[in-house]
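Novice: Below you will find the structure I want to go over with you.
Residue numbers (the numbering used here), protein chains in the order written: chain A, 1 to 405; chain B, 406 to 740.
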């Protein structure tokens with residue numbers, strides 16, 4: 001990497017020359033873009049309580065390395081600067097200010113976590129620096145009127161909650177719903193969407209219990225749900241608690257129709273620990289290809305991903321869905337930069353990000369595409385329901401979406 | 406000695422006041438980001454000073470000052486968010502609230518000594534982020550989502566940037582607090598505090614009301630750290646339970662030990678050290694890997710840890726102690 005400094009100097013001087021001739025130049029640049037390189041800033045939790053998500057940052061880093069090896073984007077190398085925020089909001093503010101003001105990145109990309117992104121939300125919009133494709137499913141990242149410089153990526157929790165509610169109303173007779181909810185903004189986003197989806201039928205929720213992410217077990221909550229006589233179980237929990245709840249329900253002989261949020265729809269980290277026999281028939285919503293799901297093994301994008309993983313992340317655990325996520329979202333960033341052409345201004349980056357029609361992104365489920373517009377800042381708003389069968393998820397029904405909501 | 410150190414302090418203050426004004430001359434060196442970074446150092450110094458008053462000068466251990474920092478930050482945030490109190494007025498409010506919380510916590514802490522007190526305070530630091538998320542308090546604290554605030558605006562139409570103003574504001578608060586601490590430590594009460602640290606029984610026998618001094622010191626210490634928390638709420642313009650994890654308390658302790666226990670200068674150095682090293686550890690690892698081309702994929706915390714061990718080994722009295730010894734040796738060599 002000894003060349004990086006040299007190329008930076010070359011780039012910087014090119015920038016100076018460009019400045020002198022800007023009246024005649026076709027190319028347009030903001031901070032962070034030159035003829036030679038594009039600087040992108042990122043922070044992730046490489047340490048601290050959420051460090052398992054640090055894998056996403058590592059995947060993205062490897063991805064841009066592979067892009068640079070192949071010649072970069074429109075002849076420019078990508079200088080991907082990633083730092084460790086430890087999932088701490090104050091640290092995030094410090095690092096992001098460093099990225100924006102000292103390193104002068106063109107945009108931020110896939111910064112992770114709801115509290116951390118909240119801490120920089122207003123700052124990024126004041127500075128008018130794109131905060132693109134953030135790695136959190138909260139619904140507040142898609143508000144172009146108030147925050148035109150911030151955009152989400154994955155289906156927001158709210159939308160997913162609506163989808164489950166609609167499915168329950170259409171398929172379960174005399175539904176009596178018990179909800180287990182993690183007591184934070186993520187849980188509440190799901191629950192609000194779920195209630196919205198039920199519409200007038202919110203009375204069908206007969207019991208709503210919560211737990212803290214730090215609670216060691218959710219046993220007592222599951223027992224309360226069973227005692228309420230519920231015949232539908234909506235499980236809004238992160239992997240550890242979700243697996244415990246599924247197992248406990250089976251242990252006490254409670255057999256409701258089970259709905260599990262996508263956050264925990266991992267075969268490796270939830271269904272197996274919960275017991276495959278206890279997990280049969282559980283319904284979830286998906287938008288990415290599960291890396292442990294054998295049905296994708298012969299699809300082109302999945303094969304390309306496996307080959308890429310072998311070459312660029314040798315030794316990494318391919319069952320970890322974070323690698324799929326990182327690879328997919330990096331592809332979207334790459335495409336966005338490609339579409340920007342030689343107009344690498346922050347305004348154009350947002351303009352291109354808000355201009356996708358049915359774009360097919362690798363590793364999304366068949367039929368799910370990227371759709372954005374100046375008023376729609378939710379790139380993915382479709383999911384497909386899947387039922388757990390044997391050892392994998394069995395997709396069924398049509399792709400369901402809540403576009404425009 | 407007292408005269409010469411006063412000159413040094415005044416000199417440092419003059420430099421600190423002038424630095425931001427150099428921004429138009431050296432826009433890259435004195436950038437807004439750097440001023441913000443110095444502001445966070447100032448805030449860290451105040452928090453470390455709070456812990457120093459308790460641990461360094463009074464001999465009571467605390468592994469939980471992050472809790473008082475959080476209480477101060479939330480007091481400020483709630484006042485600004487719910488009651489539209491201006492940011493500067495939140496500083497005394499946070500001080501009062503934290504003094505009361507610290508004093509009350511100090512009462513049962515009287516029964517606890519040394520390691521037991523360390524554990525009790527540790528538990529406090531663990532509990533506070535959970536309490537902030539508690540259902541009944543959610544209306545006030547915003548639960549896990551925290552509270553988003555506005556950054557302090559520059560008053561009276563002064564021709565300063567937000568970061569310059571924040572810097573001056575933090576600087577003034579810091580000078581006042583350090584001045585107050587220096588005066589307190591030089592007074593009868595200060596000597597009583599240190600007497601309790603050095604010889605508890607002797608102090609008691611001499612008629613010092615040890616229980617009163619210990620609880621009040623706990624309160625003052627908490628108030629200092631709480632003020633730092635309130636400043637940080639204004640500087641970051643966001644508070645959330647995730648901001649006040651257990652590592653924050655450890656960070657203050659590291660700042661205290663590295664800077665120098667029982668030294669005012671040490672508190673400043675501790676605050677500066679923590680922010681600086683925390684920031685540069687990662688750049689350093691990247692430098693080792695990318696620019697030197699060494700095949701070590703070290704985590705930032707490894708570098709941080711190695712630096713910490715090196716400093717403690719080379720300067721067992723903290724940086725302030727190390728500087729003092731070096732200064733004495735130099736003078737000795739010359740004489």
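The beta-carbon is built from N, C-alpha and C at its ideal position, and this holds for glycine as well. Source: prediction; values computed, not measured.
For the pair the region 242 to 256 of chain A and the region 315 to 333 of chain A, tell me if three or more CB-CB distances fall below 8 Å.
Specialist: As far as the Cβ criterion goes, the region 242 to 256 of chain A does not touch the region 315 to 333 of chain A, which means the pair count is below three.
Novice: What's the C-alpha gap between residue 724 (chain B) and residue 714 (chain B)?
Specialist: If I take the Cα positions, the gap works out to 13 Å.
Novice: Consult DSSP for residue 74 (chain A) and reduce its assignment to one of helix, strand or coil.
Specialist: Coil.
Novice: Nearest-angstrom Cα distance between residue 636 (chain B) and residue 478 (chain B)?
Specialist: Cα-Cα distance, rounded: 7 Å.
Novice: Mind reading off the beta-carbon distance from residue 168 (chain A) to residue 287 (chain A)? Whole number of angstroms is fine, and I expect it under 8 Å.
Specialist: Actually they are not in contact, since the Cβ atoms of residue 168 (chain A) and residue 287 (chain A) sit about 20 Å apart, beyond 8 Å.
Novice: Residue 262 (chain A) by DSSP, collapsed to three states: which one?
Specialist: Reduced to three states, the DSSP call for residue 262 (chain A) is helix.
Novice: For residue 427 (chain B), count neighbouring Cβ atoms within 10 angstroms of its own Cβ and tell me buried if that reaches 16, exposed if not.
Specialist: Classification for residue 427 (chain B): exposed.
Novice: Any C-beta of chain A sitting closer than 8 Å to the C-beta of residue 436 (chain B)?
Specialist: Output row for residue 436 (chain B): interface = yes.
Novice: Which class does residue 464 (chain B) belong to by DSSP, given the choice of helix, strand or coil?
Specialist: Of the three classes helix, strand and coil, the one that applies to residue 464 (chain B) here is coil, per DSSP.
Novice: Excluding sequence positions up to five away, which residues of its chain have a Cβ less than 8 Å from the Cβ of residue 182 (chain A)?
Specialist: Around residue 182 (chain A): 210, 211, 212, 213, 236, 237, 238, 241.
Novice: With distance defined between alpha-carbon atoms, name the residue in B:413, B:418, B:431 nearest to residue 579 (chain B).
Specialist: Residue B:418 is the option with its Cα nearest to residue 579 (chain B).
Novice: So for residue 29 (chain A), helix, strand or coil by DSSP?
Specialist: If DSSP states are grouped into helix, strand and coil, residue 29 (chain A) belongs with the strands.
Novice: Taking C-beta pairs closer than 8 Å, name the residues in chain B that residue 212 (chain A) reaches, listed in chain order.
Specialist: The answer, in chain order, is 535, 538.
Novice: Can you round the beta-carbon distance between residue 50 (chain A) and residue 113 (chain A) to whole angstroms, since I take them to be within the 8 Å contact cut?
Specialist: Contact holds; Cβ gap of about 6 Å.
Novice: Residue 89 (chain A) CB to nearest chain B CB: under 8 Å?
Specialist: True, the Cβ-Cβ gap to chain B drops below 8 Å.
Novice: Does any residue of chain A have a CB that is nearer than 8 Å to the CB of residue 637 (chain B)?
Specialist: Closer than 8 Å: yes.
Novice: With a threshold of 16 other CB atoms inside 10 Å of the CB of residue 521 (chain B), please say whether the residue is buried or exposed.
Specialist: Label assigned to residue 521 (chain B): exposed.
Novice: In the DSSP output, which residue or residues are listed as bridge partners for residue 285 (chain A)?
Specialist: Beta-bridge pairing links residue 285 (chain A) to A:385.
Novice: Hey, could you find the ends of the alpha helix (DSSP H) residue 193 (chain A) is sitting in?
Specialist: Where residue 193 (chain A) is concerned, the enclosing alpha helix (DSSP H) stretches over 185 to 198.
Novice: Evaluate contact between the region 504 to 514 of chain B and the region 559 to 577 of chain B, counting only Cβ atoms and requiring at least three cross-stretch pairs below 8 Å.
Specialist: Because the criterion of three Cβ pairs below 8 Å is not met, the region 504 to 514 of chain B and the region 559 to 577 of chain B do not touch.
Novice: In this structure, what does DSSP give as the bridge partners for residue 359 (chain A)?
Specialist: Paired residue(s): A:370.
Novice: Considering residue 182 (chain A), what are the terminal residues of the beta strand (DSSP E) in which it resides?
Specialist: Here the beta strand (DSSP E) through residue 182 (chain A) covers 177 to 182.
Novice: Indicate whether residue 110 (chain A) and residue 93 (chain A) have their beta-carbon atoms separated by less than 8 Å.
Specialist: No. Outside cutoff.
Novice: In chain B, which residues lie less than 7 Å from residue 119 (chain A) when you measure between Cβ atoms?
Specialist: The answer, in chain order, is 641, 643.
Novice: Of the choices A:122, A:85, A:59, whose alpha-carbon is the least far from that of residue 45 (chain A)?
Specialist: Ranking A:122, A:85, A:59 by Cα distance to residue 45 (chain A) puts A:85 first.
Novice: Using CA atoms only, rank isn't needed, just tell me which of A:141, A:366, A:189 is closest to residue 261 (chain A).
Specialist: Comparing Cα-Cα distances from residue 261 (chain A) to each of A:141, A:366, A:189, the minimum goes to A:189.
Novice: Given a cut-off of 8 Å, decide if residue 677 (chain B) and residue 482 (chain B) are closer than it, judged by their beta-carbon atoms.
Specialist: Against a cut-off of 8 Å, the Cβ pair of residue 677 (chain B) and residue 482 (chain B) comes out as no contact.
Novice: Buried or exposed for residue 625 (chain B), going by 16 or more other Cβ atoms inside 10 Å?
Specialist: By the 10 Å Cβ count, residue 625 (chain B) comes out buried.
Novice: Consider the Cβ of residue 263 (chain A): report whether some Cβ of chain B lies at a distance smaller than 8 Å.
Specialist: No, no contact with chain B.
Novice: Relative to the C-alpha of residue 311 (chain A), which residue among A:290, A:66, A:301, A:320 is closest?
Specialist: Closest option to residue 311 (chain A), Cα to Cα, is A:66.
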